[in-house]
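*Asks:* Before I ask anything, here is the structure I am working with.
Residue numbers (the UniProt record's numbering): 1 to 99.
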């Protein structure tokens, strides 16, 4: 069985025992997290969400992605700026899809 959940402004297709990377949520590692905004479960489509459906998972890790470099340069000027950014994420293992 699979489901489509909404979290962090994104929609993700998940199955049992999948590992997903989502936008950072404030839950400690090893704790359970429940996603209530389920858009689709199997062949049942919600309007906009499926009632009484939930997806449970366990937070495996809180981390940061690889650093990306942003370089800004103004033409006809000596002004330039180099910045780095590491996006925080949460790694979640899906344990149960409940309808």
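We put the CB at the ideal spot given by N, CA and C, even for glycine. Small disclaimer: the values here were computed from a predicted structure and weren't measured.
Buried or exposed for residue 57, going by 16 or more other Cβ atoms inside 10 Å?
*Replies:* By 1-based counting over the chain shown, the position of residue 57 is 57. Residue 57 comes out buried.
*Asks:* Cβ atoms of residue 38 and residue 50: under 8 Å apart, would you say?
*Replies:* As a working mapping, residue 50 is identified with position 50 in the chain shown. As a working mapping, residue 38 is identified with position 38 in the chain shown. Yes, the pair counts as a contact, with Cβ atoms nearer than the cut-off.
*Asks:* Can you tell me which of the three DSSP states residue 51 falls into?
*Replies:* Numbered from 1 along the chain shown, position 51 holds the residue referred to as residue 51. Of the three classes helix, strand and coil, the one that applies to residue 51 here is coil, per DSSP.
*Asks:* Using CA coordinates, which residue listed in 1, 74, 86, 90 is at the minimum distance from residue 43?
*Replies:* On the chain shown, residue 43 is found 43 positions in, with the first residue counted as 1. Looking at the Cα atoms, 1 is the closest of the given residues.
*Asks:* Would the C-beta of residue 70 count as close to the ligand SAM, meaning under 7 Å from any of its heavy atoms?
*Replies:* Among the components modelled here there is no ligand, and therefore nothing to report on the ligand SAM.
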